[in-house]
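Right, one structure below, let's go through it.
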Amino acid sequence: MVKKRLRFEWLTAVLGLLLLLFMGGAQSVYAEGIVFGELVAAGDEIEGDVVLNGNDVRLAGVVDGDAFIIGQTVIIDGDVNGSLFVFGNKGVINGQIGGSVYVGSVSTQVGGTAVIGRSLYNAGLRLLTE
Numbered sequence: 034m035v036k037k038r039l040r041f042e043w044l045t046a047v048l049g050l051l052l053l054l055f056m057g058g059a060q061s062v063y064a065e066g067i068v069f070g071e072l073v074a075a076g077d078e079i080e081g082d083v084v085l086n087g088n089d090v091r092l093a094g095v096v097d098g099d100a101f102i103i104g105q106t107v108i109i110d111g112d113v114n115g116s117l118f119v120f121g122n123k124g125v126i127n128g129q130i131g132g133s134v135y136v137g138s139v140s141t142q143v144g145g146t147a148v149i150g151r152s153l154y155n156a157g158l159r160l161l162t163e
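Under our numbering, the first residue of the sequence shown carries the number 34, and numbering increases by one thereafter.
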């Protein structure tokens, strides 16, 4: 009786290991609609999500999706029709945001021309509003 029980546990362990090996061999998926870079110039319109990173990052165009931005200084002068995620030393928001704004920076400035459609979440030391 004990031998059958040990064989069953051994067989279960081998099948579980094979299942993990097959699942681990799956390749990651890349979303084609995401645009990467450091700048969205004025006049540019991007359909889909945007990921921007660099030292001085500027978004001056229109993004029809969410924007994820990481940089030393992040300036938003354009429009984001989704949510905005900003991480950096200084974030300046002057544009129109359709969704929520999530900011993690030392200093955040929300300009007088900024329009935020939902909520502003700021995890930082300084928040300036005009």
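No residue lacks a Cβ here, since even glycine has one placed at the ideal position from N, Cα and C.
Should residue i go down as buried or exposed, given a rule of 16 or more other Cβ atoms within 10 Å for buried?
i, result
"Val139", "exposed"
"Leu161", "exposed"
"Ala147", "buried"
"Ser116", "buried"
"Asp82", "buried"
Between which two residues does the beta strand (DSSP E) harbouring residue i extend?
i, result
"Gly100", "The identity of residue 100 in the sequence shown is Ala, whereas the question assumes Gly. Element bounds for Ala100: Ala100 to Ile109."
"Leu161", "Arg159 to Thr162"
Can you pull the DSSP bridge partners for residue i?
i, result
"Asp112", "Val95 and Gln129"
"Gly137", "Phe120"
Comparing alpha-carbon positions, which option in the options lies nearest residue i?
i, options, result
"Ile130", "Ile149, Glu80 and Gly145", "Ile149"
"Gln105", "Thr141, Glu163 and Asp99", "Thr141"
"Val84", "Arg159, Thr146 and Ile102", "Ile102"
"Leu153", "Gly121, Val136 and Gly144", "Val136"
"Ala100", "Asp89, Gly145, Gly157 and Gly132", "Gly132"
"Ala74", "Asp110, Asn86, Gly81 and Asn88", "Asp110"
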